[in-house]
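Accompanying notes for the structure given below.
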Amino acid sequence: MTDQVSSADADGMDISGKPTSASRTTLSHIMTHNDTNLLGTVHGGVIMKLVDDAAGAVAGRHSGGPAVTASMDEMAFLEPVRVGDLVHVKAQVNWTGRTSMEVGVRVLAERWNESAPPTQVGSAYLVFAAVDEDGKPRRVPPVLPETERDKRRYQEAQIRRTHRLARRHAIKELREKRAAQGYED
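Spelled out as structure tokens, the structure:
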């Protein structure tokens, strides 16, 4: 974890860090028959859209402007979601780089008419890039983890970033090697 609380943008202006809680949000939605797949449960794509919506709101709040989805990692569906479930999508910034940030998302569901506690039904990690009005990358404020849980999420996000970059590099090298050998993909 870093103790950095600010960084400079392209103009040398200081960008103060923001605590994790500053942009954390929850999006809730009741699932209806319009959300179902052929098996009669809620379609994974519906859940993925809610995840992207909540994560996008968090990324925009943290960065203070537009942010676009760059990638989605590890979308896990743990339990089926049913018609009549009240779905809560909880999102927060886990880590920030210069112009990008990882947003962690937990998806919980509960029956709309019962008082039982919600069950975790999914999770995902998304990477967002902050962009200016011309679609060019722009600086994001550093995230300042507040709790031990936030600090653990920050460290885990750094590991995921390292793996994403290594995977991208290995694939690029393989494609260049195959192209040099005359293979067309």
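In this text, residue positions in the sequence shown follow the numbering used here: the first is 175, and each later residue adds one. Note that CB positions come from ideal geometry on N, CA and C, so glycine has one too. If you're wondering where the values come from, they're calculated on a predicted model, not measured in any experiment.
query	result
Endpoints, alpha helix (DSSP H) assigned at His-343	322-354
For Ser-245, the first and last residue of its enclosing beta strand (DSSP E)	241-251
Same chain, Cβ closer than 7 angstroms to Gly-218, neighbours up to 5 away in sequence not counted	Phe-251
Span of the beta strand (DSSP E) around His-203	199-204
Under 9 angstroms between C-beta atoms of Asp-247 and Ala-304	no
Range of the contiguous beta strand (DSSP E) that encloses Val-295	293-304
Assigned secondary structure, Ser-195 (DSSP; H/G/I helix, E/B strand, else coil)	helix
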